[in-house]
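Asker: My questions all concern the structure below.
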Amino acid sequence: TQLLEQSPQFLSIQEGENLTVYCNSSSVFSSLQWYRQEPGEGPVLLVTVVTGGEVKKLKRLTFQFGDARKDSSLHITAAQPGDTGLYLCAGSPSGGYNKLIFGAGTRLAVHP
Amino acid sequence: GAGVSQSPSNKVTEKGKDVELRCDPISGHTALYWYRQSLGQGLEFLIYFQGNSAPDKSGLPSDRFSAERTGGSVSTLTIQRTQQEDSAVYLCASSPATSGGKAGELFFGEGSRLTVL
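Which chain is which? The protein sequence lines are X and S, in order. End of the first sequence sits at 112 in our numbering; the numbers just go up one at a time, nothing left out. End of the second sequence sits at 1117 in our numbering; the numbers just go up one at a time, nothing left out.
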């Protein structure tokens, strides 16, 4: 059973388009992280969201944490080829210490 | 460098052989994770070390897998009697925090790519 479900699995778009990636769970998370991974490298942290309803912006990327802290979304405006990569959400379910688990990821390809 | 260092970066071995993968975390980081990533897939949790606490080994897929962390720093992941399905990239990550939102902010190495023939 996948605790963090990401959708879509794959996304292929043209430069300049907008897109949204989703991360959903039936569990409550004390925080969620979004990472981006490029081929041959380890994931790199993009953002942490902690408060239900929180919205964070990182240039053209907008991250939102659901009010109930069970889901999150990543919206990219005017995608660029440099945004290409594997986007992973991660979190530790609430209730004290827990290992950090990852979703299966969304593989994004932005074509010039 | 100041990042997480993993070695070897690539390892090709024959089925049945044992392999050791090494991780040097960022100095001072108390939390250390091992994950496995198969081609094009997400990260599969293997094991977590948190300071002096007993490690969380709940993700180890079989008793052929083991890991240790010496002196709260360097970690070694050992796979005995390797099988072809063990082929994957093994990623190590460390974190300065063990609780709160910062606990999920991991710094990853570039991984060790294991190929079992």
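A virtual CB, placed ideally from N, CA and C, is assigned to each residue, including glycine. Nothing here was measured: the structure is a model prediction, and the numbers come from that model.
Determine the DSSP secondary structure at S:Asp1086, reduced to helix, strand or coil.
Answerer: In the second sequence, the residue the question calls residue 1086 of chain S occupies position 86. Residue state, collapsed to three classes: helix.
Asker: Given S:Phe1049, which residues of its chain have a CB within under 6 angstroms of its CB, disregarding the five upstream and five downstream residues?
Answerer: Taking the second sequence and counting its residues from 1, the one referred to as residue 1049 of chain S is at position 49. Here the set comprises Leu1032, Pro1055, Arg1069.
Asker: Taking 7 angstroms as the threshold (beta carbon to beta carbon), is X:Phe102 in contact with chain S?
Answerer: Within the first sequence, the letter at position 102 stands for residue 102 of chain X. Judged by the 7 angstroms Cβ criterion, X:Phe102 is in contact with chain S.
Asker: Can you pull the chain S neighbours of X:Gln14, defined as C-beta to C-beta under 8 angstroms?
Answerer: Numbered from 1 along the first sequence, position 14 holds the residue referred to as residue 14 of chain X. Residues of chain S passing the Cβ test: none, with the nearest at roughly 22 angstroms.
Asker: With distances taken Cα to Cα, identify the nearest neighbour of S:Pro1008 among S:Arg1022, S:Lys1015, S:Phe1045.
Answerer: Residue mapping note: residue 1008 of chain S aligns to position 8 of the second sequence, counting from 1. Measuring from the Cα of S:Pro1008, the nearest candidate turns out to be S:Arg1022.
Asker: Based on the DSSP output, what are the partners of S:Gln953 in its beta bridges?
Answerer: The question about residue 953 of chain S has no answer, for chain S in this structure spans 1001 to 1117.
Asker: Does the beta-carbon of X:Gly16 have 16 or more other beta-carbons within 10 angstroms, so that it is buried, or is it exposed?
Answerer: The residue you call residue 16 of chain X lines up with position 16 of the first sequence. Label assigned to X:Gly16: exposed.
Asker: Buried or exposed: which applies to S:Ala1002, given that a residue is buried once 16 or more other Cβ atoms fall within 10 Å of its Cβ?
Answerer: As a first step, residue 1002 of chain S must be located in the second sequence, where it is residue number 2. So S:Ala1002 counts as exposed.
Asker: Name the chain S residues whose beta carbon is nearer than 7 angstroms to that of X:Gln92?
Answerer: Walking along the first sequence from the start, residue 92 of chain X turns up at place 92. Checking the sequence, you will find Ser at residue 92 of chain X rather than Gln. Result: Ala1103, Gly1104.
Asker: Which bits of chain X does S:Glu1110 rub up against, with CB to CB less than 8 angstroms?
Answerer: For the purposes of this step, residue 1110 of chain S is identified with residue 110 of the second sequence, where counting begins at 1. Chain X residues near S:Glu1110: Gly40, Glu41, Gly42.
Asker: Note down the Cα distance separating X:Leu32 from X:Pro39, rounded to an integer number of angstroms.
Answerer: Position 32 of the first sequence, counted from the start, is the residue given in the question as residue 32 of chain X. Position 39 of the first sequence, counted from the start, is the residue given in the question as residue 39 of chain X. So the two alpha carbons sit approximately 23 angstroms from each other.
Asker: Quick one: what's got a C-beta closer than 7 angstroms to X:Arg60's C-beta in the same chain, skipping five residues either side?
Answerer: By one-based count along the first sequence, residue 60 of chain X stands at place 60. The answer, listed in chain order, is Ile76, Thr77, Ala78.
Asker: Could you give the C-beta distance for S:Gly1104 and X:Ser92, rounded to a whole number, given that I count them as a contact under 8 angstroms?
Answerer: Start at 1 with the first residue of the second sequence, and residue 1104 of chain S comes out as number 104. Start at 1 with the first residue of the first sequence, and residue 92 of chain X comes out as number 92. Sure, about 6 angstroms apart at Cβ, within 8 angstroms.
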